[in-house]
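Student: Using our numbering, the first residue of the sequence shown is number 247, and each one after it goes up by one. For every residue, glycine included, the Cβ atom is placed at its ideal position computed from N, Cα and C. What follows is a single structure, and I will ask about it in a moment.
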Amino acid sequence: MAALGLLGALYHLLNHAVFKGLLFLGAGAVIWRVHTRDMEHMGGLAKLMPLTGLAFLIGCMSISALPPLNGFISEWYTYQSLFSMSHDGNFVMRLSGPIAMVMLAITGALAAMCFVKVYGVSFCGGPRSEKAAQAREVPWQMTVSMLLLALLCVLLGVGASVVAPILAQVAMTLVGTHDVTVVQGSMLVPQLASQAMLSPALTFILLLALPLIPLAVYLLLKSNQSSFRRRGDPWACGYNWEQAMAVSAGGFTQPLRAMFASLYRLRKQLDPTPVLSRALEQTTAGATRAEPFWDDWIINPLVKASQRLGVRLQGMQSGDFRFYCLYVVIALVILLLLVAV
247 MAALGLLGAL YHLLNHAVFK GLLFLGAGAV IWRVHTRDME HMGGLAKLMP
297 LTGLAFLIGC MSISALPPLN GFISEWYTYQ SLFSMSHDGN FVMRLSGPIA
347 MVMLAITGAL AAMCFVKVYG VSFCGGPRSE KAAQAREVPW QMTVSMLLLA
397 LLCVLLGVGA SVVAPILAQV AMTLVGTHDV TVVQGSMLVP QLASQAMLSP
447 ALTFILLLAL PLIPLAVYLL LKSNQSSFRR RGDPWACGYN WEQAMAVSAG
497 GFTQPLRAMF ASLYRLRKQL DPTPVLSRAL EQTTAGATRA EPFWDDWIIN
547 PLVKASQRLG VRLQGMQSGD FRFYCLYVVI ALVILLLLVA V
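As structure tokens, this is what we get:
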């Protein structure tokens, strides 16, 4: 279990050296062409800088741990070590394993959302400034360095069955054990094949074949003589379309800022008028009628308690998918804790 966790850590260390180097080079290339560090003034760079956009996209997918790239492999081994810890070991380890898995899953989701924002705002859509509209591809020396690192991200993912045993030997030497199996042929296994199996090469082939289905549908529809696609300006509720109407980086992450407002220590401006009016109402109100004892002390408190409970339960059905995901995570934590105990 310790060797498996150390293998995941070493693999992740190697991956970070690759895809973070790629992302830094990509960011430098973009800043060099656009002459700004503000993503709100970029946009549309995937068409203007296609090779840089492709390499940066691979880096974003790798750091987001999407299969079959290298970041997914190291996180897969890390998850498998946490699964092993939740089944083996003492009570504290069995309790810590599920909690660590949930925290790692939340961190991965936040990382994926972060780089969806980075790539979407910077490379997708239309140019958000004149400098972005005038951008062009960087010199070939910069492009080749980014493409080589992007290729390395793919090779470290697809060829994990070759890289993992080498890093496993280092991990087993540091831990002092020699009986950990991490690869069986081209399949990745965490000690036992009955626990989990993963074929990065097969996953890569399936992901390459997946776009063939929509491509076949597109060609089938295109062969039809009738026109099924019309070009036009985006609908902007009757207003003339402007690039400023596009989704901004701040707007994309606004739900997260609201969710983690206590951590960011965001402050809201308070209008004192309603507070003062309610206070004055309390001071000026007088007795207009005499309420029965049972209504004051039993019926009304029960009614108000029921109403407050109903309002809180109604808030759980707000229609916001973020809260529904949070409920799933909470239920998962509770179930994992019950299984661990």
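1) Give the secondary structure of residue 429 by DSSP, where H, G and I count as helix, E and B as strand, and everything else as coil.
2) In this structure, how does DSSP classify residue 434 when only helix, strand and coil are distinguished?
3) Per DSSP, what are the beta-bridge partners of residue 444 in this structure?
4) Residue range of the alpha helix (DSSP H) that residue 324 falls in?
5) Got a sec? Which residues, its chain only, sit under 8 angstroms from residue 569 by beta carbon, not counting five neighbours each side?
6) Rounded to whole angstroms, how far is the Cβ of residue 403 from the Cβ of residue 316, which I believe are closer than 8 angstroms?
7) Would you check if the segment 377-393 and the segment 297-305 touch, i.e. whether three or more CB-CB distances between them fall below 8 angstroms?
8) Distance, Cα to Cα, residue 248 vs residue 501?
9) Alpha carbon to alpha carbon, what distance is there between residue 546 and residue 311?
10) Measure the C-alpha to C-alpha separation of residue 495 and residue 506 and round it to an integer number of angstroms.
11) Only counting the same chain, and skipping five residues up and downstream in sequence, which positions put a Cβ closer than 6 angstroms to that of residue 348?
12) Tell me the rounded alpha-carbon separation between residue 548 and residue 560.
13) Please state whether the Cβ-Cβ distance between residue 305 and residue 260 is less than 8 angstroms.
14) Under the three-state reduction of DSSP, which class applies to residue 483: helix, strand or coil?
15) I need the straight-line Cα distance from residue 318 to residue 399, nearest angstrom please.
16) Taking all protein chains shown into account, do 16 or more other C-beta atoms lie within 10 angstroms of the C-beta of residue 344, making it buried, or fewer, making it exposed?
17) For the segment 275-294 against the segment 357-375, are there 3 or more C-beta pairs whose distance is under 8 angstroms?
18) Which value, in whole angstroms, describes the spacing of the CA atoms of residue 420 and residue 257?
19) Beta-carbon separation of residue 322 and residue 458 under 8 angstroms?
20) Are there three or more Cβ pairs, one per stretch, closer than 8 angstroms when the segment 352-371 is compared with the segment 276-287?
21) Rounded to whole angstroms, what is the Cα-Cα separation between residue 619 and residue 447?
22) Suppose you measure from the CA of residue 355 to the CA of residue 381; what does that come to, to the nearest Å?
23) With H, G and I counted as helix, E and B as strand and the rest as coil, what does DSSP make of residue 284?
24) Under the three-state reduction of DSSP, which class applies to residue 262: helix, strand or coil?
25) Between the alpha carbons of residue 648 and residue 329, how many angstroms are there, rounded?
26) To the nearest angstrom, how far is the alpha carbon of residue 360 from that of residue 576?
27) For residue 325, count the other beta carbons within 10 Å of its own beta carbon; 16 or more makes it buried, fewer makes it exposed. Which is it?
28) I think residue 320 touches residue 267, with their Cβ atoms under 8 angstroms apart; what is that distance to the nearest whole Å?
29) Pick helix, strand or coil for residue 313, following the three-state DSSP scheme.
30) If you follow the alpha helix (DSSP H) that residue 499 is in, where does it begin and where does it stop?
31) Can you tell which of 384, 397, 338, 466 has the C-alpha that lies nearest to the C-alpha of residue 308?
32) Please look up how many angstroms separate the CB atoms of residue 285 and residue 384, rounded, as I've assumed it's under 8 angstroms.
33) Could you check the C-alpha separation between residue 415 and residue 584 for me, to the nearest Å?
Tutor: Let's see:
1) As a working note, residue 429 is residue 183 in the sequence shown. Strand at residue 429.
2) Counting from 1 along the sequence shown, the entry for residue 434 is found at position 188. The three-state secondary structure of residue 434, taken from DSSP, is strand.
3) In the sequence shown, the residue the question calls residue 444 occupies position 198. Its beta-bridge partners are 434.
4) The residue given as residue 324 occupies position 78 in the sequence shown. Run containing residue 324: 316-333, per the alpha helix (DSSP H) assignment.
5) For the purposes of this step, residue 569 is taken as residue 323 along the sequence shown, with counting starting at 1. Excluding residues within five positions, the ones whose Cβ falls inside 8 angstroms are 562.
6) Position 157 of the sequence shown, counted from the start, is the residue given in the question as residue 403. Position 70 of the sequence shown, counted from the start, is the residue given in the question as residue 316. Rounded, the Cβ-Cβ distance is 4 angstroms, consistent with contact.
7) yes
8) Taking the first residue of the sequence shown as 1, we reach residue 248 at position 2. Taking the first residue of the sequence shown as 1, we reach residue 501 at position 255. Cα to Cα, residue 248 sits roughly 38 angstroms from residue 501.
9) Your numbering for residue 311 matches position 65 in the sequence shown. Your numbering for residue 546 matches position 300 in the sequence shown. Approximately 55 angstroms, taken between the alpha carbons.
10) For the purposes of this step, residue 495 is identified with residue 249 of the sequence shown, where counting begins at 1. For the purposes of this step, residue 506 is identified with residue 260 of the sequence shown, where counting begins at 1. Annotation: residue 495 to residue 506 spans about 17 angstroms, alpha carbon to alpha carbon.
11) Start at 1 with the first residue of the sequence shown, and residue 348 comes out as number 102. Result list for residue 348: 579, in chain order.
12) Taking the first residue of the sequence shown as 1, we reach residue 548 at position 302. Taking the first residue of the sequence shown as 1, we reach residue 560 at position 314. So the alpha carbons of these two residues sit roughly 18 angstroms apart.
13) If you number the sequence shown from 1, residue 305 lands on position 59. If you number the sequence shown from 1, residue 260 lands on position 14. No, they are not a contact pair.
14) Counting from one through the sequence shown, the residue named residue 483 turns up at place 237. Residue 483: coil per DSSP, three-state reduction.
15) The sequence position of residue 318 within the sequence shown is 72, counting from 1. The sequence position of residue 399 within the sequence shown is 153, counting from 1. Each residue's alpha carbon lies about 10 angstroms from the other.
16) Counted from its first residue, the sequence shown places residue 344 at position 98. The residue in question, residue 344, is buried, as its Cβ has 16 or more Cβ neighbours within 10 Å.
17) yes
18) In the sequence shown, counting from the first residue as 1, residue 420 sits at position 174. In the sequence shown, counting from the first residue as 1, residue 257 sits at position 11. When only Cα atoms are considered, residue 420 and residue 257 end up about 15 angstroms apart.
19) Along the sequence shown, read from residue 1 onward, the residue named residue 322 stands at position 76. Along the sequence shown, read from residue 1 onward, the residue named residue 458 stands at position 212. Taking 8 angstroms as the Cβ cut-off, residue 322 and residue 458 do not qualify as a contacting pair.
20) yes
21) Outside the displayed range of the chain (247 to 587) lies residue 619, so it cannot be described from this structure.
22) Position 109 of the sequence shown holds residue 355. Position 135 of the sequence shown holds residue 381. If you take the alpha carbons of residue 355 and residue 381, they lie about 31 angstroms apart.
23) Mapped onto the sequence shown, residue 284 falls at position 38. Of the three classes helix, strand and coil, the one that applies to residue 284 here is coil, per DSSP.
24) As a working mapping, residue 262 is identified with position 16 in the sequence shown. It is helical.
25) Nothing about residue 648 can be reported from this structure: the residues present for the chain run from 247 to 587 only.
26) Taking the sequence shown and counting its residues from 1, one reaches residue 360 at position 114. Taking the sequence shown and counting its residues from 1, one reaches residue 576 at position 330. In a straight line, the C-alpha of residue 360 is about 22 angstroms away from that of residue 576.
27) For the purposes of this step, residue 325 is taken as the residue at position 79 of the sequence shown. Buried, by the Cβ-count rule.
28) As a first step, residue 320 is located in the sequence shown; it is residue number 74 there, counting from the start. As a first step, residue 267 is located in the sequence shown; it is residue number 21 there, counting from the start. In fact, because the Cβ distance is near 16 angstroms, the residues do not count as touching under 8 angstroms.
29) Start at 1 with the first residue of the sequence shown, and residue 313 comes out as number 67. In the three-state DSSP reduction, residue 313 falls in the coil class, being neither helix nor strand.
30) Residue mapping note: residue 499 aligns to position 253 of the sequence shown, counting from 1. Residue 499 -> no alpha helix (DSSP H), and no H or E assigned at all.
31) Indexing the sequence shown from 1 puts residue 308 at position 62. When only C-alpha atoms are compared, the closest one is 397.
32) Within the sequence shown, residue 285 is the residue found at index 39, counting from 1. Within the sequence shown, residue 384 is the residue found at index 138, counting from 1. Their Cβ separation, rounded to whole angstroms, is 18 angstroms, which puts residue 285 and residue 384 out of contact at 8 angstroms.
33) Counting from 1 along the sequence shown, the entry for residue 415 is found at position 169. Counting from 1 along the sequence shown, the entry for residue 584 is found at position 338. Distance between the alpha carbons of residue 415 and residue 584: 35 angstroms.
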